[in-house]
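Asker:
Number of protein chains: 2
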Amino acid sequence: MLEEHTLFKKHITKRIDLEDSEFEQFLNFFSTKIVTKRQFITQPDFVPSHRSFVCTGAMRAYILDDSGNEHTIQFAIENWWITDYNAYIYQRPATMFVMAQENSTLLQISHEKELELKALNPKFETFFRIMAERSTAYMQRRVIERLTLSAEERYQHFLDKYSLMVNRFPQYTIASYIGVTTEFLSRMRKNRLLK
Amino acid sequence: MLEEHTLFKKHITKRIDLEDSEFEQFLNFFSTKIVTKRQFITQPDFVPSHRSFVCTGAMRAYILDDSGNEHTIQFAIENWWITDYNAYIYQRPATMFVMAQENSTLLQISHEKELELKALNPKFETFFRIMAERSTAYMQRRVIERLTLSAEERYQHFLDKYSLMVNRFPQYTIASYIGVTTEFLSRMRKNRLLK
DNA sequence: AAATAATATTGATCTACATCAATAATTTTT
DNA sequence: AAAAATTATTGATGTAGATCAATATTATTT
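Top to bottom, those sequences are chains A and B. So that you can map any letter, position 29 of the first sequence is 29 in the working numbering, and since no number is skipped, the others follow by simple counting. Position in the second sequence (first residue = 1) + 195 = the working numbering.
(1) By Cβ distance, which residues of its chain are closer than 8 Å to T95 (chain A), with the 5 residues on each side in sequence left out?
(2) Name the DSSP beta bridge partners of Y62 (chain A), please?
(3) Please compile the residues from chain A whose C-beta is within a distance smaller than 7 Å of the C-beta of E328 (chain B).
(4) Looking at chain B, which residues of the segment 133-164 of chain A have a Cβ within less than 7 Å of any of its Cβ atoms?
(5) Between L185 (chain A) and Y155 (chain A), is the Cβ-Cβ spacing less than 8 Å?
(6) Taking the Cβ atom as the reference point for each residue, do F75 (chain A) and M131 (chain A) lie within a distance shorter than 8 Å?
(7) Is it right to say A119 (chain A) is buried, meaning 16 or more other beta carbons lie within 10 angstroms of its own, or is it exposed?
(8) Can you give the Cα-Cα distance for L303 (chain B) and F225 (chain B), rounded to whole angstroms?
(9) Leaving aside the five residues before and after L344 (chain B) along the sequence, list all residues of the same chain whose C-beta is less than 8 Å from its C-beta, in chain order.
(10) Measuring CB to CB, does A61 (chain A) end up less than 8 Å from I77 (chain A)?
(11) By the DSSP assignment, the alpha helix (DSSP H) with Q303 (chain B) in it spans what residues?
(12) How about F128 (chain A): is its C-beta nearer than 8 Å to some C-beta of chain B?
(13) By Cβ distance below 7 Å, which residues in the same chain neighbour E265 (chain B) in space, the five residues on each side in sequence not counted?
(14) Which residue comes first and which comes last in the beta strand (DSSP E) that contains K228 (chain B)?
(15) Please classify E133 (chain A) as buried or exposed, where buried requires at least 16 neighbouring CB atoms within 10 angstroms.
(16) Would a check of beta-carbon distances place I63 (chain A) closer than 8 Å to chain B?
(17) Taking a cut of 7 Å between CB atoms, which residues from the segment 62-82 of chain A lie near chain B?
(18) Could you list which residues in chain A have their beta carbon closer than 8 Å to that of Y280 (chain B), in chain order?
(19) May I ask you to report which of helix, strand or coil DSSP gives T181 (chain A)?
(20) Using C-beta distances below 7 Å, list every residue in its chain close to E145 (chain A), excluding the 5 sequence neighbours before and after it, in chain order.
(21) Kindly indicate if chain B contains any beta-carbon less than 8 Å away from that of G179 (chain A).
(22) List the endpoints of the continuous beta strand (DSSP E) containing I211 (chain B).
(23) Near T181 (chain A), what residues of its chain come up, given a Cβ to Cβ distance below 8 Å and the 5 sequence neighbours on each side ignored?
(24) Please check the pair F23 (chain A) and I12 (chain A), which I expect to be a contact at CB under 8 Å, by giving their CB distance rounded to whole angstroms.
(25) In chain B, what lies closer than 8 Å to E125 (chain A) by C-beta?
(26) From this set, A:K190, A:G57 and A:L18, which residue's C-alpha is nearest N167 (chain A)'s C-alpha?
(27) Smallest Cα separation from S52 (chain A): which of A:N191, A:R142 and A:L106?
(28) In whole angstroms, what is the alpha-carbon distance linking M383 (chain B) and G374 (chain B)?
(29) When the Cα of H306 (chain B) is compared with those of B:D212, B:R287, B:F364 and B:A295, which residue comes out closest?
(30) Would you tell me roughly how many angstroms separate the C-alpha atoms of F323 (chain B) and P170 (chain A), rounded to the nearest one?
(31) So, with DSSP's three-state summary, where would you put I272 (chain B)?
(32) Which residue marks the beginning of the alpha helix (DSSP H) containing F46 (chain A), and which one marks its end?
(33) Measure the alpha-carbon distance for E347 (chain B) versus R233 (chain B) and round it to whole angstroms.
(34) Assuming F124 (chain A) and F26 (chain A) are in contact, meaning their beta carbons sit under 8 Å apart, how far apart are those beta carbons, in whole angstroms?
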């Protein structure tokens, strides 16, 4: 089995218990896609046909507001999933860009195939349920952080939780993820050094 | 069948296709709970044992930050589900209060029962998957709104989308949901009148 | 190794929103 | 119908973080 498939298998079987043959069946619904740095896999106004699992590399989802500012919605490195979630599940035109931040290898499943897959075996349905539940929980934590923490605290949390991301994404993308300008993040970092 | 069960049935069967007998089975895992205004069904430090569906009434989930300020995480009126999501799915101590904002009737399922239920019939699993997916999508929209919209715009969106909520929850709770102080929301409302 | 493009820093200034304190209005309880 | 409790408004003032513009640094391409 290919190296990236081993990691994918680990990822899946950590969440649901599968026979080897079941995993093979699961895997068969996915196709490999290679993207190069700065390449987009999703763009506004196009319905995103796939959900992507990052085998190697780094991806980022962001939106552009009316003033032309980027706001990072999600980062994804190895073993993370990424897509324009709203657009994907409702099969509506995307509002996000999903871009390769590094050359990346993805495992992709189409929306149609995903429906088939879930119908095939209740365990597969369970897998997607668990993923969705955890995503909700994660998003809710993000809402809570935004409501209750200062910019500095949000940055510290980011460093604590996503230390692996910090060095792989430009600083301005992290600023846009925690909800500050790149200038302000720069100043916060300077202040920390002075202390 | 009781009136509230009819609404519950509609809610479920809108998402998955069930025989009457299957719905009866589903319903059997739930118990009815009546709560009076200002009563808490979840408090910080206690593991929330249940997920609740509001048959009648109005509930609100909020957290208290270090300065003692309330931040509303979720509103729920008829046909909405509510719980401390993170705490419930991971069965950890809650960080939220979930409080009755009006006298309410709830249909509750315990975490244990929910596990049983999902194992019983793949359709039930599908139901929870769909719910979780939509919750993720909803939460993500909220993250995006917070990143891209001004306080006024967030308030307008709230009015547009949750007009039914507006008159059933105190204004300060709406302020805390969109992420402003009650004073500032009051001022925004005044400015709108002047225009 | 230059040239170019992308990213990060710094300074000056501005503003959206918070804080604090008082009062007014509304709802609930007795 | 008062009294008490809860919620909403208003004014004065403060500040976290934004904006704009310039420059410095780092990474990428030729």
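All C-beta atoms, glycine included, are put in the ideal place defined by N, C-alpha and C.
Answerer: Taking the geometry as given:
(1) Answer for T95 (chain A): P44, I63, D84, N86 and A87, listed in chain order.
(2) A:T72 and A:F97
(3) I89 and A132
(4) E133, S135, T136, A137, M139, Q140, R141, R142, V143, I144, R146, L147 and T148
(5) In contact: L185 (chain A) and Y155 (chain A) (Cβ atoms closer than 8 Å).
(6) no
(7) exposed
(8) Per the sequence shown, the amino acid found at residue 303 (chain B) is Gln instead of Leu. Spanning the two alpha carbons is a distance of roughly 5 Å.
(9) H352
(10) No, the Cβ-Cβ distance between A61 (chain A) and I77 (chain A) is not below 8 Å.
(11) Unbroken run through Q303 (chain B) is the beta strand (DSSP E), S299 to S305; no alpha helix (DSSP H).
(12) Under the 8 Å criterion on CB atoms, F128 (chain A) is classed as interfacial with respect to chain B.
(13) The beta carbon of E265 (chain B) sits closer than 7 Å to those of Y257, L259 and S371, all from its chain and outside the five residues before and after it, given in chain order.
(14) S226 to V230
(15) That one is buried.
(16) yes
(17) I63, D65, H71 and I73
(18) T136, A137 and Q140
(19) coil
(20) R154 and H157
(21) yes
(22) Note, I211 (chain B): premise wrong, no beta strand (DSSP E); not H, not E.
(23) A175
(24) 6 Å
(25) P317, E320, T321 and R324
(26) A:G57
(27) A:L106
(28) One alpha carbon belongs to M383 (chain B), the other to G374 (chain B), and they sit about 13 Å apart.
(29) For H306 (chain B), the nearest C-alpha among the options comes from B:R287.
(30) 37 Å
(31) Reduced to three states, the DSSP call for I272 (chain B) is coil.
(32) Unbroken run through F46 (chain A): none, as it is neither H nor E.
(33) If I take the Cα positions, the gap works out to 29 Å.
(34) Contact between F124 (chain A) and F26 (chain A) holds, since their C-beta atoms are separated by about 6 Å, short of 8 Å.
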